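Trainee:
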Amino acid sequence: MARQISFFWWALTDMTCTVEEEKSLPTAPSKHRQLGHVRRWRNTPVYRPLVDLLTMEEQHLIITYRFDHATIQELCTQLEPDLMSPIRHPTGIPPQVQVLSVLHFLASGSFQTTVAMASGMSQHMFSNVLSRVLSALLKHMRSYIVFPQVEDLATVKGDFYALGHIPNIIGAIDGTHVALVPPPQE
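Heads up, the sequence shown is in this note's numbering, so the first residue is 13 and it goes up one at a time.
(1) Note down the Cα distance separating N180 from V162, rounded to an integer number of angstroms.
(2) Starting from the C-beta of N140, find all residues in its chain whose C-beta is less than 8 Å away, skip the five residues before and the five after it, and write them out in chain order.
(3) With DSSP collapsed to three states, give me the class of P107.
(4) Is it the case that the region 86-93 contacts the region 102-112, given that we only count it when at least three CB pairs across the two stretches are under 8 Å?
(5) So what does DSSP say about P195, is it helix, strand or coil?
(6) Mapping DSSP to helix, strand and coil, what is S143?
(7) To the nearest angstrom, how far is the alpha carbon of S97 from that of P160?
(8) Taking the beta carbon of P194 as the centre, do at least 16 other beta carbons fall within 10 Å, making it buried, or is it exposed?
(9) On the three-state DSSP scale, how would you describe M137?
(10) Does the region 137-154 touch the region 162-175, meaning 3 or more C-beta pairs lie closer than 8 Å?
(11) Using the C-alpha atoms, what's the distance from R144 back to G170?
(12) From Y156 to H116, what does the alpha carbon distance come to, in whole angstroms?
(13) Under a three-way DSSP split, which group does H189 fall into?
(14) In chain order, what residues of the same chain lie with their CB nearer than 6 Å to the CB of R78, ignoring the 5 residues before and after it?
(15) Quick check: G87 and H81, are their CB atoms within less than 8 Å of each other?
(16) Quick check on the burial criterion: 16 or more other C-beta atoms within 10 angstroms. Buried or exposed for W53?
(17) I need the DSSP call for P179, collapsed to helix, strand or coil.
(18) In whole angstroms, what is the alpha-carbon distance linking Q2 and G187?
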C-alpha cells in the first residue's frame with residue numbers, strides 16, 4: 013500500500029522538478045532511481061489553428077461559411093463564454109475555430125471527418141465541438157429567430173401575398189429544391 017501511495021504522489025508532483033529535487037523527496041520511488049530511470053512526461057499536443065479569420069477574403073468567407081466577416085466575428089464573440097474550456101488547457105481548441113468548423117460543416121453538408129481534417133482536429137473531437145457549438149447556438153436562438161406575434165399575422169400574410177401571390181403564408185425557411193427525375197423505363 014505504501015508503494016502505491018508513493019507512486020501516486022510521485023505522479024502528481026510538479027512536472028518542473030529536477031531529478032536532484034526528486035531524489036531528495038522522501039516518498040520518491042527508490043526502485044526507479046536505483047535502475048536509473050528518468051521521469052519523462054509525454055509532450056502534450058498543442059492545437060495550432062489552420063483557419064485564420066483575419067486573413068481570409070470576404071468572398072471566400074461567404075462561400076465557405078455563408079456569413080460575412082462581421083457576422084462571424086459577432087457570433088464568435090457571443091458564443092465564446094459558452095465554448096471556453098473551464099480549464100485553460102494548451103490543447104484546447106479556440107472558440108473561433110470551433111465556430112468556423114461548425115459553420116463550415118453546416119454550410120457544406122459534408123462529412124464530419126472531412127471538416128475535421130480541414131480544421132486540424134480528429135473526427136471525435138469535431139463531434140464534441142459540433143455538439144458544444146450547436147448547444148451554445150440554441151441558447152441564443154431567441155435573439156436570431158423571431159416568430160410573428162398574433163397581432164402581426166395579418167400584415168405578414170399580406171406582405172407574403174404581395175411577393176408571391178400565395179395566400180396565408182406567415183413565414184419561410186431557406187432550403188434547396190431538388191428536381192427528382194424517375195429512371196428511364198427499359
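Ideal Cβ positions, reconstructed from N, Cα and C, are used throughout, including at glycine. The model shown is predicted, which means the values in this text are computed figures rather than measured ones.
Mentor: In this structure, then:
(1) 13 Å
(2) Within the same chain, N140 has no close Cβ partners at all.
(3) helix
(4) yes
(5) coil
(6) In the structure shown, S143 sits in a helix (DSSP, three-state: H, G or I).
(7) 37 Å
(8) By the neighbour-count rule (16 or more Cβ atoms within 10 Å), P194 is not buried but exposed.
(9) helix
(10) no
(11) 39 Å
(12) Rounded to whole angstroms, Y156 to H116 spans 19 Å at the Cα level.
(13) coil
(14) A119
(15) In the sequence under discussion, the amino acid at residue 87 is Leu, which differs from the Gly named in the question. No, the pair does not count as a contact, with Cβ atoms beyond the cut-off.
(16) For W53, the predicted model reports a pLDDT of 49, less than 50, meaning its position is unreliable; a value from the coordinates is still stated below. It counts as exposed.
(17) The answer is coil: DSSP assigns P179 none of H, G, I, E or B.
(18) Nothing in the structure corresponds to residue 2, since the chain is present only between 13 and 198.
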